[in-house]
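Just below is one structure, and these are the notes that go with it.
2 protein chains.
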Amino acid sequence: MPTLKEIAEITGYSMATVSRVINRQGHVSEKTKLHIEKAAKEIGFTRENNNRLKINSGTPSIGVVINRISSPFYSLLAQSVEEVGREHNRHLMLCSSGYDANEEQKAIDFLLSHGCRHIVLHSKALSDSALEGICRQHSDVVLIGRHVEAVQERCVWLDSQAGTYQATQHLINLGHRRIGFINLAFDCDDKHNRLAGYINAMKDNGLMVEPDWVQNADWVEVGGRNAARKLLSQGLPVTALLAFNDVYAASALREFQSRGVQIPSQLSIIGFDDVMPQCYFSPALTTLKYPIAVMARKAALLSLTGNYAQFPQGQCYYPTLIHRESVAPYQHEHCV
Amino acid sequence: MPTLKEIAEITGYSMATVSRVINRQGHVSEKTKLHIEKAAKEIGFTRENNNRLKINSGTPSIGVVINRISSPFYSLLAQSVEEVGREHNRHLMLCSSGYDANEEQKAIDFLLSHGCRHIVLHSKALSDSALEGICRQHSDVVLIGRHVEAVQERCVWLDSQAGTYQATQHLINLGHRRIGFINLAFDCDDKHNRLAGYINAMKDNGLMVEPDWVQNADWVEVGGRNAARKLLSQGLPVTALLAFNDVYAASALREFQSRGVQIPSQLSIIGFDDVMPQCYFSPALTTLKYPIAVMARKAALLSLTGNYAQFPQGQCYYPTLIHRESVAPYQHEHCV
Numbered sequence: 001m002p003t004l005k006e007i008a009e010i011t012g013y014s015m016a017t018v019s020r021v022i023n024r025q026g027h028v029s030e031k032t033k034l035h036i037e038k039a040a041k042e043i044g045f046t047r048e049n050n051n052r053l054k055i056n057s058g059t060p061s062i063g064v065v066i067n068r069i070s071s072p073f074y075s076l077l078a079q080s081v082e083e084v085g086r087e088h089n090r091h092l093m094l095c096s097s098g099y100d101a102n103e104e105q106k107a108i109d110f111l112l113s114h115g116c117r118h119i120v121l122h123s124k125a126l127s128d129s130a131l132e133g134i135c136r137q138h139s140d141v142v143l144i145g146r147h148v149e150a151v152q153e154r155c156v157w158l159d160s161q162a163g164t165y166q167a168t169q170h171l172i173n174l175g176h177r178r179i180g181f182i183n184l185a186f187d188c189d190d191k192h193n194r195l196a197g198y199i200n201a202m203k204d205n206g207l208m209v210e211p212d213w214v215q216n217a218d219w220v221e222v223g224g225r226n227a228a229r230k231l232l233s234q235g236l237p238v239t240a241l242l243a244f245n246d247v248y249a250a251s252a253l254r255e256f257q258s259r260g261v262q263i264p265s266q267l268s269i270i271g272f273d274d275v276m277p278q279c280y281f282s283p284a285l286t287t288l289k290y291p292i293a294v295m296a297r298k299a300a301l302l303s304l305t306g307n308y309a310q311f312p313q314g315q316c317y318y319p320t321l322i323h324r325e326s327v328a329p330y331q332h333e334h335c336v
Numbered sequence: 001m002p003t004l005k006e007i008a009e010i011t012g013y014s015m016a017t018v019s020r021v022i023n024r025q026g027h028v029s030e031k032t033k034l035h036i037e038k039a040a041k042e043i044g045f046t047r048e049n050n051n052r053l054k055i056n057s058g059t060p061s062i063g064v065v066i067n068r069i070s071s072p073f074y075s076l077l078a079q080s081v082e083e084v085g086r087e088h089n090r091h092l093m094l095c096s097s098g099y100d101a102n103e104e105q106k107a108i109d110f111l112l113s114h115g116c117r118h119i120v121l122h123s124k125a126l127s128d129s130a131l132e133g134i135c136r137q138h139s140d141v142v143l144i145g146r147h148v149e150a151v152q153e154r155c156v157w158l159d160s161q162a163g164t165y166q167a168t169q170h171l172i173n174l175g176h177r178r179i180g181f182i183n184l185a186f187d188c189d190d191k192h193n194r195l196a197g198y199i200n201a202m203k204d205n206g207l208m209v210e211p212d213w214v215q216n217a218d219w220v221e222v223g224g225r226n227a228a229r230k231l232l233s234q235g236l237p238v239t240a241l242l243a244f245n246d247v248y249a250a251s252a253l254r255e256f257q258s259r260g261v262q263i264p265s266q267l268s269i270i271g272f273d274d275v276m277p278q279c280y281f282s283p284a285l286t287t288l289k290y291p292i293a294v295m296a297r298k299a300a301l302l303s304l305t306g307n308y309a310q311f312p313q314g315q316c317y318y319p320t321l322i323h324r325e326s327v328a329p330y331q332h333e334h335c336v
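Just so you know, the sequences run in chain order A and B. Note that full-length UniProt numbering has the first sequence beginning at 1, numbered continuously upward. Note that full-length UniProt numbering has the second sequence beginning at 1, numbered continuously upward.
And the structure:
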């Protein structure tokens, strides 16, 4: 079996340099990298037969790459992967990537170089083609929350668009016509899909969307609060509001309440995710449930079994509208 | 340098068996284990000069052991450790242990066997002497949220008792005399310390604590809700309440509100932790801040630098009482 040592001998580079290239860690010039990779290929060396990986394979693990540990959505995702790992005597290796393409790639490389081949990858920053390349090269990487058509048998994702379409239609059915949307500022598939569901439902009902009704919000609670303030400064031009996630919904809701807007009699709000205990919402939040715990279990099992033939079209989930207390039928202003 | 192979040759066991014993993974009979460990000791083999660890040390990591990923307190702890790791070009390896001694030990073994020597350990189930043994054997393990006197230079902990004493005194200063406590059901140092702070403050003010005023709550929101129901079924014998953590506070608060109890005019509530965005509380929660993010940073740096001489007494932090909207002065019943 070809070894790193052989590559070092053929190329004349030190073992350390060869190791850096093969394990994709530390700085090596592009020229050196190409030289070493070419030599490795010629003698039939692959990352899979790297001794280091073999050595590590004695302590089985499962890896997960997420945006941010301290977000309830991602910590639930990671916990489900860990649970599946535990059921299969595997420990969790976790990397967060801050929605940065470079960090996402580094996280994957780190896991692989630690012999962690089974990876549930939540990537929002790497391109479709980069993800396709990763999946083709590493047979146990599964994508969650992302649909990459070329490798869709490896994908477990949510049809966000169907969710926001359904939620918007529900509000329209209740008589609302002026409906707003607090979207994510960060550019990714979810942002566009969730907006599209809302826009399409409005269009299909012959309703216009005024530009002022859509607010982009930065991460976490400040984003939701600022979006609410913006809408209030415009005289609150809407009677109902969809939020990209429940944090935006909760922080906007508090801001509206503190300014005397009654929820839901004066303003209906629908969130997205449903990953928080309900004791944190008052009124209880009507929201689109993202079944992330179930999906993460599926993704982890898919990676461990490698049974990709079972779902050649991938596994698409749909959000469910959970009816609670933050939505009311439209009331004429004078009735409020 | 002694190797696993030598141990295998001396003892006559296979490499696989020797590896399982040395890396503390997989099942091996007690007799075999003792035989191999004895041989390893005789030829001067230690885990630290295990080649596997050496090989892994090329991809630096930092480890963290926590109770549960999907709890905001622990995800914040893990995120801080990850941030420090990132600043030192180290990736995070995370294990959760479910407050189980066996799982805590397995988590530590997993990290060590992956060449992850720098470990921030949040242990509530292992005994003081077990933790002392781990610290003595592994020079880069640091304890967080736990004070083990024999190795206190390795400890970064919170004086919980000082916190609940201060919070109880604050309520007494506001005229409250009948003060309750929603405690954790799970038996650990935090449970006893937080209760002691409350009891001592009551005693020091010449106040009795009726047994009915202290409720033990199971994990997460159901625990807080049930404690509130129990107190309500007793006719709500208190005018103020301390909660072991903010989840209990939030879920008890919602239950009281849903039963028509005005917070804070009829009942004051103080939580513990302050790890959640404030948009999730209405009224905004008065609480004891557990500076876990700062403490986790300190613990991670302490493990990486090994500078234990700097704080021979360890690093003790104090919770801060954050005044918000869930506490009011005591009002006579007829004023409510």
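Every residue gets a Cβ at the ideal spot worked out from N, C-alpha and C, and that includes glycine.
Assign A:H91 to buried or exposed, taking buried as 16 or more other Cβ atoms, counted over all protein chains shown, within 10 Å of its Cβ. buried
In chain B, what lies closer than 7 Å to A:R254 by C-beta? For the C-beta of A:R254, the chain B residues within less than 7 Å are, from N- to C-terminus, C279, S282.
Report the partner residues of A:G180 according to the DSSP bridge assignment. A:L241
Span separating the alpha-carbon of A:C135 from that of A:A300: 15 Å
Could you confirm whether any beta carbon from chain B is found closer than 8 Å to the beta carbon of residue 342 of chain A? A question about residue 342 of chain A goes unanswered here, because the residues of chain A that appear run from 1 up to 336.
Would you say B:E30 faces chain A, with C-beta separation under 8 Å as the test? no
How do the segment 141-158 of chain A and the segment 307-327 of chain A stand: do at least 3 beta-carbon pairs fall below 8 Å, yes or no? yes
Measure from the C-beta of A:M295 to each C-beta in chain B and report whether the shortest distance is under 8 Å. Cβ-Cβ to chain B under 8 Å: no for A:M295.
Looking at the strands, I want to know which residues DSSP matches up with A:D273. Paired residue(s): A:K289.
Applying the 10 Å Cβ sphere with the 16-neighbour rule, what's the burial state of A:R20? buried
When you compare the CB positions of A:A243 and A:I182, do they come within less than 8 Å of one another, or not? yes
Determine the chain B residues that contact A:L92 at a beta-carbon separation under 7 Å, and present them in chain order. L94, C95
Looking at chain A, is there any beta carbon in it that lies within less than 8 Å of the beta carbon of B:S70? Yes - at least one Cβ of chain A is within 8 Å of the one on B:S70.
Cutoff 6 Å; reference B:I119; Cβ partners in own chain excluding five residues on either side: G63, L111, V141
Taking buried to mean at least 16 other C-beta atoms within 10 Å of its own C-beta, is A:G271 buried or exposed? Buried is the call here.
Does the CB of A:H114 have a neighbour CB from chain B at under 8 Å? yes
Cutoff 8 Å: A:E82 Cβ touching any chain B Cβ: Yes, contact with chain B.
What is the DSSP secondary structure of B:M208, reduced to helix, strand or coil? coil
Give me the Cα-Cα distance between A:A40 and A:Q137, rounded to the nearest whole angstrom. 15 Å
In chain B, what lies closer than 7 Å to A:V220 by C-beta? P277
Would you kindly report the start and end of the unbroken alpha helix (DSSP H) that includes A:Q105? 101-113
DSSP state of B:R52, grouped into three classes? For B:R52, the predicted model reports a pLDDT of 43, less than 50, meaning its position is unreliable; a value from the coordinates is still stated below. Correct three-state label for B:R52: helix.
For the segment 209-237 of chain A, enumerate the residues whose C-beta is nearer than 8 Å to any C-beta of chain B, in chain order. V220, E221, G224, R225
Strictly under 8 Å for the Cβ-Cβ distance: is B:A250 near chain A by that measure? yes
Who does B:A144 pair with in a DSSP beta bridge? It should be pointed out that residue 144 of chain B corresponds to Ile in this sequence rather than to Ala. Beta-bridge partners of B:I144 (DSSP): B:V156.
Could you check if A:R259 is buried or exposed, using at least 16 other CB atoms within 10 Å of its CB as the buried criterion? exposed
When you compare the CB of A:Q266 with every CB in chain B, is at least one pair closer than 8 Å? No, no contact with chain B.
Is B:H114 closer than 8 Å to A:H114 when the C-beta atoms are compared? It is a contact, given that the beta carbons lie within the stated cut-off.
For B:R52, I'd like the list of residues in its chain whose CB is within less than 6 Å of its CB, leaving aside the five on either flank, ordered along the chain. Confidence is the limiting factor: at B:R52 the pLDDT is only 43, short of 50, which leaves the residue's position unreliable, though a coordinate-based value still follows. Apart from the 5 residues on each side of it in sequence, B:R52 has no Cβ closer than 6 Å to any other Cβ in its chain.
Mind listing, in chain order, the continuous alpha helix (DSSP H) runs of no fewer than 4 residues lying wholly within the segment 61-95 of chain A? Counting only runs of 4 or more, we get 72-87.
Does DSSP classify A:T320 as helix, strand or coil? strand
Pull up the distance between the alpha-carbon of A:A284 and that of A:Q278, whole angstroms please. 6 Å
Neighbour-count burial assignment, B:H35, 16 or more Cβ in a 10 Å radius: So B:H35 ends up on the buried side.
Can you tell me whether A:P264 is buried or exposed? The criterion is at least 16 other CB atoms within 10 Å of its CB, across all chains shown. Buried, because 16 or more other Cβ atoms sit within 10 Å of the Cβ of A:P264.
Of all Cβ atoms in chain B, is any one closer than 8 Å to the Cβ of A:V247? yes
Close-in-space but distant-in-sequence residues of the same chain around A:G314 (CB under 8 Å, 5 per side omitted): Within the same chain, Cβ atoms closer than 8 Å to the Cβ of A:G314 are found at H147, Q152, E153, R154, C155, V156, W157, the five residues on either side in sequence being excluded.
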